[in-house]
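K.L.:
Same order as they appear, the protein sequences are chains A and B. Just so we're aligned, residue 578 is where the first sequence starts under my numbering, counting upward by one. Just so we're aligned, residue 18 is where the second sequence starts under my numbering, counting upward by one. No residue lacks a Cβ here, since even glycine has one placed at the ideal position from N, Cα and C. Just so we're clear, the structure is a prediction, and the values are computed from it rather than from any experiment.
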Amino acid sequence: MHLDDEIMQRLLHDELAPAAHAVALEHLEACHACRARLDDEARSEEQVFATLQAIDTPAPLRFLEPDAGSPARRRWLVRLAAAVGGLAIAGIAFAAPGFPLPDLLRRIRQSTPTASPTPPSPAPEPAPNAGIAVTPGRRLAIDVARGSGTAVATVSLTDSADVILRAVGGRPSFSSGVDRVAIRNVEGITALFIDIPRAASHVELRVDGARVLVKDGLEVTTGVRRDSAGRYLFPLRP
Amino acid sequence: MPSGAFRAAVEELFANHFPRVFRIVNRLSGEPDLAADVAQEAFVRLYERGSLPDTPVAWVITVALNRFRNRAAKHSRRLRLLTAERAARVLSDPPPSPAQAVAHDEARDRVRAALSRLPERDRQMLLLCAEGYRYRDIAAALNINEASVGTLLARAKRAFRDAYGDADAS
Numbered sequence: 578m579h580l581d582d583e584i585m586q587r588l589l590h591d592e593l594a595p596a597a598h599a600v601a602l603e604h605l606e607a608c609h610a611c612r613a614r615l616d617d618e619a620r621s622e623e624q625v626f627a628t629l630q631a632i633d634t635p636a637p638l639r640f641l642e643p644d645a646g647s648p649a650r651r652r653w654l655v656r657l658a659a660a661v662g663g664l665a666i667a668g669i670a671f672a673a674p675g676f677p678l679p680d681l682l683r684r685i686r687q688s689t690p691t692a693s694p695t696p697p698s699p700a701p702e703p704a705p706n707a708g709i710a711v712t713p714g715r716r717l718a719i720d721v722a723r724g725s726g727t728a729v730a731t732v733s734l735t736d737s738a739d740v741i742l743r744a745v746g747g748r749p750s751f752s753s754g755v756d757r758v759a760i761r762n763v764e765g766i767t768a769l770f771i772d773i774p775r776a777a778s779h780v781e782l783r784v785d786g787a788r789v790l791v792k793d794g795l796e797v798t799t800g801v802r803r804d805s806a807g808r809y810l811f812p813l814r815p
Numbered sequence: 018m019p020s021g022a023f024r025a026a027v028e029e030l031f032a033n034h035f036p037r038v039f040r041i042v043n044r045l046s047g048e049p050d051l052a053a054d055v056a057q058e059a060f061v062r063l064y065e066r067g068s069l070p071d072t073p074v075a076w077v078i079t080v081a082l083n084r085f086r087n088r089a090a091k092h093s094r095r096l097r098l099l100t101a102e103r104a105a106r107v108l109s110d111p112p113p114s115p116a117q118a119v120a121h122d123e124a125r126d127r128v129r130a131a132l133s134r135l136p137e138r139d140r141q142m143l144l145l146c147a148e149g150y151r152y153r154d155i156a157a158a159l160n161i162n163e164a165s166v167g168t169l170l171a172r173a174k175r176a177f178r179d180a181y182g183d184a185d186a187s
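(1) Let me see if you follow: with CB-CB separation under 7 Å, is residue 808 of chain A close to chain B or not?
(2) Return the first residue and the last residue of the beta strand (DSSP E) that residue 750 of chain A is part of.
(3) Which partner residues does residue 781 of chain A have in the DSSP bridge list?
(4) Would you call residue 798 of chain A buried or exposed, if buried means 16 or more other Cβ atoms sit within 10 Å of its Cβ?
(5) Is it the case that the Cβ atoms of residue 629 of chain A and residue 147 of chain B are separated by a distance below 7 Å?
(6) According to DSSP, is residue 733 of chain A part of a helix, a strand, or is it coil?
(7) Where do the ends of the alpha helix (DSSP H) carrying residue 628 of chain A lie?
(8) If we define contact as Cβ-Cβ less than 7 Å, is residue 813 of chain A a contact residue for chain B?
(9) Sorted by chain position, which residues of the same chain lie with C-beta nearer than 7 Å to residue 594 of chain A's C-beta, five sequence neighbours on each side aside?
(10) Identify, in the order they occur along the chain, each residue of the same chain with its Cβ nearer than 6 Å to the Cβ of residue 132 of chain B, setting aside the five sequence neighbours on each side.
(11) Should residue 182 of chain B go down as buried or exposed, given a rule of 16 or more other Cβ atoms within 10 Å for buried?
(12) Along chain A, which residues have their Cβ under 7 Å away from the Cβ of residue 85 of chain B?
(13) Going by beta carbon distance, what residues of the same chain come within less than 8 Å of residue 589 of chain A, once the five residues before and after it are set aside?
(14) Using a Cβ-Cβ cutoff of 8 Å, what residues of the stretch 18-37 of chain B are near chain A? List them in chain order.
(15) To the nearest angstrom, report how far apart residue 154 of chain B and residue 78 of chain B are at their CA atoms.
(16) What separation, rounded to the nearest whole angstrom, lies between the Cα atoms of residue 649 of chain A and residue 137 of chain B?
(17) Which whole runs of the alpha helix (DSSP H) in the stretch 126-161 of chain B are 4 residues long or more, in chain order?
(18) At 9 Å on the CB atoms, spell out the chain A contacts of residue 165 of chain B, in chain order.
(19) Buried or exposed for residue 812 of chain A, going by 16 or more other Cβ atoms inside 10 Å?
(20) Mind checking whether residue 756 of chain A and residue 716 of chain A have CB atoms under 7 Å apart?
(21) Any C-beta of chain A sitting closer than 7 Å to the C-beta of residue 119 of chain B?
(22) Below 8 Å on the Cβ atoms is my contact criterion, and I expect residue 767 of chain A with residue 745 of chain A to pass it. Report the Cβ-Cβ distance as a whole number of Å.
(23) If distances are taken between C-alpha atoms only, which option among A:809, A:760, A:735 and A:736 comes closest to residue 742 of chain A?
(24) Whole angstroms is fine: what's the gap from residue 123 of chain B's alpha carbon to residue 627 of chain A's?
(25) Chain A beta carbons: is any one of them nearer than 7 Å to that of residue 176 of chain B?
(26) For residue 592 of chain A, is the classification buried or exposed, using 16 other Cβ atoms within 10 angstroms of its Cβ as the cut-off for buried?
(27) DSSP has residue 809 of chain A in a bridge; who is on the other side?
(28) Comparing the CB of residue 138 of chain B with every heavy atom of the ligand NAP, is any distance shorter than 6 Å?
(29) In the DSSP output, what is residue 41 of chain B paired with across the bridge?
(30) Quick one: is residue 129 of chain B near chain A, going by C-beta distance under 7 Å?
(31) I think residue 64 of chain B touches residue 638 of chain A, with their Cβ atoms under 8 Å apart; what is that distance to the nearest whole Å?
(32) May I have the straight-line CA-CA distance separating residue 707 of chain A from residue 749 of chain A, to the nearest angstrom?
In structure tokens form, the structure reads like this:
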């Protein structure tokens, strides 16, 4: 009895369990017809797969994030536009003469007893901690300006999905764009912690415009050594 | 928000399988833009799902094939031959000589004609096997019994060879 199609194909594609594979090989040792058929099958498959390449075209560059033209992104844009439009219409209606809501709110305010006049608010205290979290796309640059203090930027790789910047002390300000996040006004901060997701594809840290760390895929390139906790430390002194 | 580990797993799947899923749908459709959209959407759906299914590869292939089927039905584009104009737009290589272009067009049309004569399941099975997918994934993606994948595959390859030979003779 010869090997059937199922066994032949599984032999070709290494899909037989070890025991069945051994039995099939034993049969092939003794059966010239099956050996010849297996060779034919292998050659024929190679030809078929080569033939299929005639209709191939190069794969375009695509990324996991839906691009602006994809249906999912378009739906979000439509929702966003609807929300913005709704707010705009509500604002115009609120300000329009004769719209009853402002007058109603004024009456409610007048009828509500006030305990005491609101004391003048003190000057805002410097926030002990301030930060920002952004989800990196394909590339993200983190821009840090040096300060005059003794702060150190501590960079850690984490399992978080976001790049997180946390500053201790001072009155820093943060800004972010599509591929960039920046921290300014670093005077007075005593520490800066930067968490970079291990899964991020390309993140670079720039201090005063100079690249001091590049994470590309799993590879991290930097001039400083990791400390015992696996973190990278960068002094922010001028 | 999906965990970092999940995101990393999906990104790895995307890096390894996007070109293959693209090639399968492109071979089925002859429309590279459509194939890229369908393949990309399948991975985005996986990411939006928030967790990995039992057989992630088969899941992505199933979603991609279903999306292709829906789109093809909606736009009546099923198995439309790739026109010379589209091919010229897609291929970024230097333009071939007229003789090369004719030979390439003929070869492409023959393969497409042969594929179009196969039953849908045979066509999908052949293309999944050509991408080297395991029988387990092929069975799960096409909803067939894993124990008979080899038999069905042998039949699909035979059918393609016959159809391709007929196209050669005609």
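P.N.:
So, from the listed chains and residues:
(1) Position 231 of the first sequence, counted from the first residue, corresponds to residue 808 of chain A. No, no contact with chain B.
(2) Along the first sequence, read from residue 1 onward, the residue named residue 750 of chain A stands at position 173. Where residue 750 of chain A is concerned, the enclosing beta strand (DSSP E) stretches over 750-753.
(3) Your numbering for residue 781 of chain A matches position 204 in the first sequence. According to DSSP, residue 781 of chain A bridges with A:718 and A:791.
(4) Position 221 of the first sequence, counted from the first residue, corresponds to residue 798 of chain A. The residue is exposed, with fewer than 16 neighbouring Cβ atoms inside 10 Å.
(5) Here the question's residue 629 of chain A lines up with position 52 in the first sequence. Here the question's residue 147 of chain B lines up with position 130 in the second sequence. Taking 7 Å as the Cβ cut-off, residue 629 of chain A and residue 147 of chain B qualify as a contacting pair.
(6) Along the first sequence, one-based indexing puts residue 733 of chain A at 156. Here residue 733 of chain A sits in strand by DSSP.
(7) Locating residue 628 of chain A in the first sequence gives position 51, counting from the first residue. Counting along the chain, the alpha helix (DSSP H) containing residue 628 of chain A begins and ends at 609-629.
(8) Taking the first residue of the first sequence as position 1, residue 813 of chain A is located at position 236. Cβ-Cβ to chain B under 7 Å: no for residue 813 of chain A.
(9) One-based indexing of the first sequence puts residue 594 of chain A at position 17. None.
(10) On the second sequence, position 115 is the one that residue 132 of chain B refers to. Once the five neighbours on either side are set aside, the close Cβ partners of residue 132 of chain B are 140.
(11) Along the second sequence, read from residue 1 onward, the residue named residue 182 of chain B stands at position 165. Answer is exposed; the Cβ neighbour count stays below 16.
(12) In the second sequence, residue 85 of chain B corresponds to position 68, counting from 1. Correct list: empty, because the minimum Cβ distance to chain A is about 14 Å.
(13) Counting from one through the first sequence, the residue named residue 589 of chain A turns up at place 12. Once the five neighbours on either side are set aside, the close Cβ partners of residue 589 of chain A are 615, 618, 619 and 622.
(14) 18, 19, 20, 21, 22, 24, 25, 27, 28, 31, 35 and 36
(15) One-based indexing of the second sequence puts residue 154 of chain B at position 137. One-based indexing of the second sequence puts residue 78 of chain B at position 61. Near 9 Å, if we compare the C-alpha coordinates of residue 78 of chain B and residue 154 of chain B.
(16) Counting from 1 along the first sequence, the entry for residue 649 of chain A is found at position 72. Counting from 1 along the second sequence, the entry for residue 137 of chain B is found at position 120. Unreliable positioning characterises residue 649 of chain A in this predicted model, as indicated by a pLDDT of 48, which lies under 50. A coordinate reading is not provided.
(17) 137-147 and 152-159
(18) Within the second sequence, residue 165 of chain B is the residue found at index 148, counting from 1. Within 9 Å Cβ-Cβ: 583.
(19) For the purposes of this step, residue 812 of chain A is taken as residue 235 along the first sequence, with counting starting at 1. Exposed is the call here.
(20) Residue numbering aside, residue 756 of chain A sits at position 179 when the first sequence is read from its first letter. Residue numbering aside, residue 716 of chain A sits at position 139 when the first sequence is read from its first letter. Yes. Within cutoff.
(21) For the purposes of this step, residue 119 of chain B is taken as residue 102 along the second sequence, with counting starting at 1. No - not a single Cβ of chain A is within 7 Å of the one on residue 119 of chain B.
(22) On the first sequence, residue 767 of chain A is found 190 positions in, with the first residue counted as 1. On the first sequence, residue 745 of chain A is found 168 positions in, with the first residue counted as 1. With 8 Å as the limit, residue 767 of chain A and residue 745 of chain A qualify as a contact, their Cβ atoms being about 5 Å apart.
(23) Taking the first residue of the first sequence as position 1, residue 742 of chain A is located at position 165. Of the candidates A:809, A:760, A:735 and A:736, the one whose C-alpha sits nearest the C-alpha of residue 742 of chain A is A:760.
(24) Locating residue 123 of chain B in the second sequence gives position 106, where the first residue counts as 1. Locating residue 627 of chain A in the first sequence gives position 50, where the first residue counts as 1. Taking the straight line joining both Cα atoms gives about 15 Å.
(25) Reading the second sequence from its first residue, position 159 is the one you call residue 176 of chain B. Closer than 7 Å: no.
(26) Taking the first residue of the first sequence as 1, we reach residue 592 of chain A at position 15. Buried: at least 16 other Cβ atoms inside 10 Å.
(27) The sequence position of residue 809 of chain A within the first sequence is 232, counting from 1. Bridge partners of residue 809 of chain A: A:732 and A:803.
(28) Absence of the ligand NAP is noted for the structure shown, with no ligands found whatsoever.
(29) Taking the first residue of the second sequence as position 1, residue 41 of chain B is located at position 24. According to DSSP, residue 41 of chain B bridges with nothing at all.
(30) Here residue 129 of chain B is taken as the residue at index 112 of the second sequence, counted from 1. Answer yes: the Cβ-Cβ gap between residue 129 of chain B and chain A drops below 7 Å somewhere.
(31) In the second sequence, counting from the first residue as 1, residue 64 of chain B sits at position 47. In the first sequence, counting from the first residue as 1, residue 638 of chain A sits at position 61. Incorrect: roughly 18 Å between the Cβ atoms, too far for contact.
(32) As a working note, residue 707 of chain A is residue 130 in the first sequence. As a working note, residue 749 of chain A is residue 172 in the first sequence. When rounded, the distance between both Cα atoms is 7 Å.
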